[in-house]
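Residue numbers (my numbering), protein chains in the order written: chain A, 1354 to 1724; chain B, 125 to 482; chain C, -16 to 130.
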């Protein structure tokens, strides 16, 4: 069936979805070939928001380049910063104070929650339910307020620096996070009632965009996208960093491999993030929040690679240093880029409405793909 | 008692006494035309505002609240804005059809207004095949939509129009069968007869479970026929940007927009007429005292109340449900609703023949 | 498997692997001509290609492939040295599907040609773009600020 559909013939409809289109959530441009309503081919055209961050980083110092990475996956900016800080720390062999480690993990998980909330709203909007978006934003707003107090920013935080975190947490931080958690506990059940248990929603998602575990690995899919196919790929579990090794949480994985499985993975991940935050929020150790570092950071000659788990999957930072104050070459392995490459494979043979649902469950952030 | 019926009769009497009958008739036509057009304008304003307020309520926000008291003039301002806008016609479009399409859609919506009874004795045209007329004319709106989609020379519009065509033609069947079940119970196609037959109780209650099933199916079918969520595939904004009216702007867009709301009003009006007794107050069998109390509420308020309750339900659908996929939409009609309607119609026929209804 | 065991295991798979010392993960360097056979030999053990990087060393290019096994969790880094004038290497997009996009990116930004690639076009830059932006000798007087 799929093989039959692979070529463009006369009578096929070629349409441009994007670069400005309500469902691409950014400037993604897809050229899709249709036979009636059935998709034959999806070809992503990238680069509308390509800023060549890798090139920019080559002329920025090891303290400066972290700020640029907030602008890649702007919904996981803490985690991007975290990955970069870890890589620099690996090169300089800096020991991060325990307080900073816990704060970092707390911020990562709050970011993951905020990112998944936004995804949930956008996902529902993609399949035509407009109301969840507003509900999701109400909860996300609370997290943004917490971030704003401590980091001074709501979206591009630039809070994590080599050696720890830039400033200590705000005195209100613990109280506000606890308030948020008690509020969000009831709301996440509401999410399930409103969307997850809806028959139309289930029918739209189940059996759509199937990705087998082998294909998920071969396409380099990570994060909830791969875990929805039953592939174990949570960096927090497999290669624990900071205090993740000591925490009690589960790696969520679903066997289905379809859109609904990916959806369920993210919904359960939110609950796991709550669990992690609850374990840490009353146990932030005292002491310094920032290790003493030299004024000018110089990485020794060599190669350093660090991996962290963002809300979308595995984020890798690969620094090649020649011993100077700037990286010789830096490579960011962004999760969205690899996840997007599986889109054509997943969407073939489905309807246009399914393409939108599949894109929704991939949770694409375009600046993360284009970099 | 001051009722619309008395007002129309006194106007009629006065016109006939002041002018000769021909002029009086012409003037009455004029008044009716003005009435229809102003009803349209007011409906558009009220329903758009209502939709925005209802959606805001469901989405934990306030909705329009700046223009006029409580935002009540927001839609007036929006209409002015749309009227000021340039009505663009794309270069590759079939200009004649492109410009004609919104008028076809709005004209169809206006035509269905004719046989609807707004209050006791207030009906533009009580023709003897009223129900048949409504089903026949309402199916014409698909022509306007197909015209818009084809003439726009836009692939999104074309896809939207084709979806709409498949959808309206399919759901017409269920809607038609639900209408027929009431016709079977009543034994007449005339709207006034159908309303009169609900003197002692609405068909929704009198017709046992089958009438209730017919009502549910009719509500689903009219939601689909008016292209409202969860059946808004023709304009699915996350898939087709805006579907068949992607290329329309300014007043032409406003006409589509208006037609959508007028259509909702009319189909809810039909539902109210067929199943909820039209302008007939809530009467229960031989409870004379209760029925007398109910009679004190003017018939026009009864009718409007029923319509707006149904409209609220349809808006509720829109702001709660995700959209169906095209194949699921057609499956729902052809595999579920249509067979159920057919069986249901047989049951209703049995009820009507045996006289089991109240 | 630890590094030493992995080394022994690779020696059974590959004819004569050259190991590079001192890195976090086991690193082998290969001749670009052997890449296809090497990739096929290690595909079974390393099913997940998570990063493809091109590096411009001014005198030559290096392609760096980061591979992991999703079952045994061991990681391998494969490096291939390419000529600076005509950088070319066999594609592995048929072996690891993810390579298709990563290789297009490397082609777009470094001008590394991947032979037998099914769809080797510019990915981020426009089709008519001149030059390879991430090369060290790339000059763009309009869009780049000299620091």
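Virtual Cβ for every residue (Gly too), placed ideally from N, Cα, C.
So for residue 279 of chain B, helix, strand or coil by DSSP?
Numbered from its first residue, the second chain carries residue 279 of chain B at position 155. It is helical.
So, residue 314 of chain B versus residue 408 of chain B, is the Cβ gap smaller than 9 Å?
Position 190 of the second chain, counted from the start, is the residue given in the question as residue 314 of chain B. Position 284 of the second chain, counted from the start, is the residue given in the question as residue 408 of chain B. Cβ distance not < 9 Å, so residue 314 of chain B and residue 408 of chain B don't count as in contact.
With distances taken between CB atoms, is the gap from residue 1592 of chain A to residue 1665 of chain A smaller than 9 Å?
The residue you call residue 1592 of chain A lines up with position 239 of the first chain. The residue you call residue 1665 of chain A lines up with position 312 of the first chain. It is not a contact, given that the beta carbons lie outside the stated cut-off.
Determine, using beta-carbon pairs with one atom in the segment 211 to 231 of chain B and one in the segment 360 to 378 of chain B, whether at least three such pairs fall under 8 Å.
Taking 8 Å as the limit for Cβ pairs, the verdict is that the segment 360 to 378 of chain B does touch the segment 211 to 231 of chain B.
Please determine, among A:1513, A:1570, A:1600 and A:1432, the residue with the shortest C-alpha to C-alpha distance to residue 1466 of chain A.
Your numbering for residue 1466 of chain A matches position 113 in the first chain. Of the candidates A:1513, A:1570, A:1600 and A:1432, the one whose C-alpha sits nearest the C-alpha of residue 1466 of chain A is A:1432.
With residue 1440 of chain A as the anchor, note down where its alpha helix (DSSP H) starts and where it stops.
Reading the first chain from its first residue, position 87 is the one you call residue 1440 of chain A. Residues 1430 to 1445.
Extent of the continuous alpha helix (DSSP H) to which residue 176 of chain B belongs:
The residue labelled residue 176 of chain B in the question sits at position 52 within the second chain. 145 to 182 is the extent of the alpha helix (DSSP H) around residue 176 of chain B.
What's the gap between the Cα of residue 1426 of chain A and the Cα of residue 394 of chain B?
On the first chain, position 73 is the one that residue 1426 of chain A refers to. On the second chain, position 270 is the one that residue 394 of chain B refers to. Spanning the two alpha carbons is a distance of roughly 52 Å.
Let me check one thing: in DSSP terms, what residues is residue 1398 of chain A bridge-paired to?
Counting from 1 along the first chain, the entry for residue 1398 of chain A is found at position 45. Looking at the DSSP assignment, residue 1398 of chain A forms a beta bridge with A:1382.
Would you mind telling me which residues of chain B sit closer than 9 Å to residue 1482 of chain A, beta carbon to beta carbon, in chain order?
Walking along the first chain from the start, residue 1482 of chain A turns up at place 129. Proximity of chain B to residue 1482 of chain A at the Cβ level (cut-off 9 Å) is accounted for by 353, 354, 443, 444, 445, 446 and 447, in chain order.
Select from the segment 1691 to 1703 of chain A all residues with a C-beta closer than 8 Å to any C-beta belonging to chain C, and list them in chain order.
Residues passing the 8 Å Cβ filter: 1691, 1693, 1694, 1695 and 1698.
Residues from the segment 1389 to 1415 of chain A in contact with chain C, defined by Cβ distance under 8 Å
Going along the segment 1389 to 1415 of chain A in chain order, one finds 1399, 1400, 1403, 1405, 1407, 1408 and 1412 with a Cβ nearer than 8 Å to chain C.
What does the alpha-carbon distance come out to for the pair residue 1677 of chain A and residue 39 of chain C?
Taking the first residue of the first chain as position 1, residue 1677 of chain A is located at position 324. Taking the first residue of the third chain as position 1, residue 39 of chain C is located at position 56. In this model, residue 1677 of chain A and residue 39 of chain C are separated by some 16 Å (Cα to Cα).
Taking Cβ positions, are residue 1706 of chain A and residue 447 of chain B nearer each other than 9 Å?
Locating residue 1706 of chain A in the first chain gives position 353, counting from the first residue. Locating residue 447 of chain B in the second chain gives position 323, counting from the first residue. Taking 9 Å as the Cβ cut-off, residue 1706 of chain A and residue 447 of chain B qualify as a contacting pair.
Rounded separation between residue 1538 of chain A and residue 1461 of chain A - CA only:
Position 185 of the first chain, counted from the start, is the residue given in the question as residue 1538 of chain A. Position 108 of the first chain, counted from the start, is the residue given in the question as residue 1461 of chain A. A straight line joining the alpha-carbon of residue 1538 of chain A with that of residue 1461 of chain A spans about 19 Å.
If you scan the segment 1548 to 1599 of chain A from start to end, which runs of the alpha helix (DSSP H) of 4 or more residues do you find wholly inside it?
You should have 1552 to 1558, 1566 to 1571, 1576 to 1580 and 1588 to 1591.
Rounded C-alpha distance that separates residue 1451 of chain A from residue 1620 of chain A
As a first step, residue 1451 of chain A must be located in the first chain, where it is residue number 98. As a first step, residue 1620 of chain A must be located in the first chain, where it is residue number 267. The alpha-carbon separation between residue 1451 of chain A and residue 1620 of chain A amounts to approximately 30 Å.
DSSP bridge partner residues for residue 1668 of chain A (one or two, in chain order)
Numbered from 1 along the first chain, position 315 holds the residue referred to as residue 1668 of chain A. Beta-bridge analysis with DSSP links residue 1668 of chain A to A:1661.
Less than 9 Å between CB atoms is the rule here; does residue 24 of chain C satisfy it with respect to chain A?
Looking up residue 24 of chain C in the third chain gives position 41. Closer than 9 Å: no.
Can you name the start and end residues of the alpha helix (DSSP H) that residue 360 of chain B belongs to?
Your numbering for residue 360 of chain B matches position 236 in the second chain. No alpha helix (DSSP H) contains residue 360 of chain B, which DSSP labels as neither H nor E.
What residues in the segment 65 to 85 of chain C bring their beta carbon closer than 7 Å to a beta carbon of chain A?
Under the 7 Å Cβ criterion, the segment 65 to 85 of chain C contributes 79, 80, 81, 83 and 84.
Note down, in chain order, each residue of its chain lying with its Cβ closer than 7 Å to the Cβ of residue 1673 of chain A, except the 5 sequence neighbours on either side.
Counted from its first residue, the first chain places residue 1673 of chain A at position 320. Counting only Cβ-Cβ distances below 7 Å, and skipping sequence neighbours, we find 1656, 1680, 1681 and 1682.
Output yes if chain C places a C-beta closer than 9 Å to the C-beta of residue 1647 of chain A; else output no.
Locating residue 1647 of chain A in the first chain gives position 294, where the first residue counts as 1. So no, residue 1647 of chain A is outside the interface.
Under the assumption that residue 233 of chain B contacts residue 386 of chain B (Cβ atoms under 8 Å), give the Cβ distance between them as a whole number of angstroms.
Stepping through the second chain from its first residue, residue 233 of chain B is reached at position 109. Stepping through the second chain from its first residue, residue 386 of chain B is reached at position 262. That belief holds up - the Cβ atoms of residue 233 of chain B and residue 386 of chain B are roughly 4 Å apart, short of 8 Å.
What alpha helix (DSSP H) runs, 4 residues minimum, are completely inside the segment 1452 to 1538 of chain A?
Taking only runs of at least 4 residues, the alpha helix (DSSP H) segments lying wholly in the segment 1452 to 1538 of chain A are 1484 to 1504.
Is residue 125 of chain C helix, strand or coil by DSSP?
Sequence index remark: in the third chain, residue 125 of chain C carries index 142 (1-based). In the three-state scheme derived from DSSP, where H, G and I count as helix and E and B as strand, residue 125 of chain C is classed as coil.
Listed in chain order, which residues of the segment 131 to 142 of chain B have Cβ atoms closer than 9 Å to some Cβ of chain A?
When C-beta distances to chain A are compared with 9 Å, every residue of the segment 131 to 142 of chain B stays at or above that value.
Please return the same chain residues whose Cβ sits closer than 7 Å to the Cβ of residue 400 of chain B, not counting the five positions on each side in sequence.
As a position in the second chain, residue 400 of chain B is number 276, starting the count at 1. Answer for residue 400 of chain B: 326, 328 and 430, listed in chain order.
Where residue 1366 of chain A sits in the DSSP three-state scheme
Along the first chain, one-based indexing puts residue 1366 of chain A at 13. Assigned with DSSP and collapsed to three states, residue 1366 of chain A falls in strand.
Using beta-carbon positions only, say whether residue 1719 of chain A and residue 1637 of chain A come within less than 9 Å of one another.
Stepping through the first chain from its first residue, residue 1719 of chain A is reached at position 366. Stepping through the first chain from its first residue, residue 1637 of chain A is reached at position 284. Against a cut-off of 9 Å, the Cβ pair of residue 1637 of chain A and residue 1719 of chain A comes out as no contact.
Along the segment 182 to 210 of chain B, where does the CB come closer than 7 Å to a CB of chain A? Name the residues.
The residues in question are 182, 183, 184 and 185.
Can you tell me where the beta strand (DSSP E) holding residue 1686 of chain A begins and where it ends?
As a first step, residue 1686 of chain A must be located in the first chain, where it is residue number 333. Counting along the chain, the beta strand (DSSP E) containing residue 1686 of chain A begins and ends at 1682 to 1686.
Rank A:1630, A:1510 and A:1669 by C-alpha distance to the C-alpha of residue 1530 of chain A and give the top, closest one.
For this step, residue 1530 of chain A is matched to residue 177 along the first chain. For the options A:1630, A:1510 and A:1669, the alpha carbon positioned closest to that of residue 1530 of chain A is the one of A:1630.
For residue 252 of chain B, three-class secondary structure by DSSP:
Numbered from 1 along the second chain, position 128 holds the residue referred to as residue 252 of chain B. Collapsing the DSSP output to three states places residue 252 of chain B in coil.
Neighbouring residues, chain C, relative to residue 1732 of chain A (Cβ below 7 Å)
A query on residue 1732 of chain A cannot be resolved here, the shown segment of chain A reaching from 1354 to 1724 and no further.
Taking residue 368 of chain B as the reference, which of B:241, B:247 and B:271 has the closest Cα?
Counted from its first residue, the second chain places residue 368 of chain B at position 244. Measuring from the Cα of residue 368 of chain B, the nearest candidate turns out to be B:271.
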